[in-house]
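Q:
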Amino acid sequence: MVTLDCTTSHHDGVTLVALSLRDLDESTRVTVRNRLDGPVWPPRCEGLPVTGWTETGFEGVVGPGDHALGYATPAPPADPPAVLDDATPAPNTDGAGVSPESAADVVRELGDPSPPADAVPAGVAATTDADSCDGVTEPDAGPAARSTTATRPQTDGRVPAAVEPWLETMAARVEAAETLADAETLPAATAAVREAGGLAEVRTIAESGATDERRLRRLALRAAALADRRGAATVPVETLARIA
43 MVTLDCTTSH HDGVTLVALS LRDLDESTRV TVRNRLDGPV WPPRCEGLPV
93 TGWTETGFEG VVGPGDHALG YATPAPPADP PAVLDDATPA PNTDGAGVSP
143 ESAADVVREL GDPSPPADAV PAGVAATTDA DSCDGVTEPD AGPAARSTTA
193 TRPQTDGRVP AAVEPWLETM AARVEAAETL ADAETLPAAT AAVREAGGLA
243 EVRTIAESGA TDERRLRRLA LRAAALADRR GAATVPVETL ARIA
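Take this note's numbering: the final residue in the sequence shown is number 286, and no numbers are missing along the way.
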């Protein structure tokens, strides 16, 4: 027979509830209901509630054996803090969760965050995730390695067309990450996941965070270094015209 043991601790206005499900002989669908006078603050993974948790408790399929669950709530402690409302054998499941993901119907393509080839300055090789260099500058190969064909400069101050699509892609990814990070309630988290394109896309955004930041910082620093060099390089047109 499945049993539920509960303990609580109270710190700074927050009650922590520790639950132990014991004596599960097979995969079982369990429903654990919070009895405290306040909402459930569920455990989170990458900013999102762990599968099975709602504002009232937990419902999901767990495998055989003993399992530990836990949540927080602003409500004061009471005895018992939670009850096992239901425990139904679910032999045809593997205890992996309560429902499959349904991200495919709303998946949004954010694209590869790699800068387009045209955005990489001439004479500088594009880098990949495998590159160990995260620095700003690289040794200058000298004039011989640079293109000898001058391109017509863009004088209106706009971002070049070759770079704009990538920056827009990165901006969309950053905005999605910010929205997901700010989702602190169940309705907000649900809406944020739906807007991001489902859990599969949320995982993609989360896993690419460090890579996105590294690439953006590297590009920003390289652009700043090039801007400084370009600002310091005043071309003496009249002098060159006289001596050429």
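For each residue, glycine too, the CB sits at the ideal point set by N, CA and C. What you are looking at is a predicted structure, and each value in this text was computed from that prediction instead of being measured.
For the 8 Å Cβ check, are there 3 or more pairs between the segment 64-71 and the segment 204-212?
A: Judged by Cβ distances under 8 Å, the segment 64-71 makes no contact with the segment 204-212, as fewer than three pairs qualify.
Q: Would residue 285 be called buried (16 or more neighbouring beta carbons within 10 Å of its own) or exposed?
A: It is exposed - the Cβ of residue 285 has fewer than 16 other Cβ atoms within 10 Å.
Q: I'd like to check one pair, residue 221 with residue 237: are the Cβ atoms closer than 8 Å?
A: Yes. Within cutoff.
Q: Of all the options 259, 278, 281, 57, which has the alpha carbon lying nearest to the alpha carbon of residue 112?
A: Of the listed residues, the one whose Cα sits closest to residue 112 is 57.
Q: In angstroms with no decimal places, state the Cα-to-Cα distance between residue 123 and residue 129.
A: Rounded to whole angstroms, residue 123 to residue 129 spans 18 Å at the Cα level.
Q: Can you give me the C-alpha to C-alpha distance between residue 85 and residue 252, rounded to a whole angstrom?
A: Whole-angstrom Cα-Cα distance: 23 Å.
Q: For residue 231, collect the residues of the same chain with a Cβ closer than 7 Å to its Cβ; drop the 5 residues on either side in sequence, then sort them by chain order.
A: If we look at residue 231 and ignore the five residues flanking it on each side, its Cβ neighbours are 90, 91, 225.
Q: Excluding the five sequence neighbours on either side, which residues of its own chain have a C-beta within less than 7 Å of the C-beta of residue 117, listed in chain order?
A: 57, 78, 79, 80, listed in sequence order.
Q: Spatial neighbours of residue 219 within its chain, please: CB distance less than 7 Å, with the 5 preceding and 5 following residues excluded, ordered by chain position.
A: Hits under 7 Å: 247, 251.
Q: I'd like the span of the alpha helix (DSSP H) that includes residue 258, first residue to last.
A: Here the alpha helix (DSSP H) through residue 258 covers 251-274.
Q: So residue 254 and residue 215 are supposed to be a Cβ contact under 8 Å. How far apart are they, rounded?
A: That pair is a contact at about 6 Å.
Q: Would you say residue 99 and residue 75 are within 8 Å of each other, going by their C-beta atoms?
A: Yes, these two residues count as a Cβ contact at 8 Å.
Q: Helix, strand or coil: which one does DSSP assign to residue 73?
A: Of the three classes helix, strand and coil, the one that applies to residue 73 here is strand, per DSSP.
Q: If you follow the alpha helix (DSSP H) that residue 237 is in, where does it begin and where does it stop?
A: Unbroken alpha helix (DSSP H) run through residue 237: 228-238.
Q: The alpha helix (DSSP H) spanning residue 214 covers which residue range?
A: From DSSP, the alpha helix (DSSP H) with residue 214 extends over 206-224.
Q: Comparing C-alpha positions only, which one of 59, 87, 52 sits nearest to residue 223?
A: Nearest option by C-alpha distance: 87.
Q: Straight-line CA distance for residue 229 to residue 277?
A: Looking at the two C-alpha atoms, the distance is approximately 59 Å.
Q: What residue from 104, 96, 239, 93 has the CA that sits closest to residue 62's CA?
A: When each option's Cα is compared against that of residue 62, the closest is 104.
Q: Which first and last residues belong to the alpha helix (DSSP H) in which residue 101 is found?
A: That residue, residue 101, is in no alpha helix (DSSP H); its beta strand (DSSP E) goes 99-104.
Q: Would you kindly check if the distance between the Cβ of residue 83 and the Cβ of residue 115 is under 8 Å?
A: Taking 8 Å as the Cβ cut-off, residue 115 and residue 83 qualify as a contacting pair.
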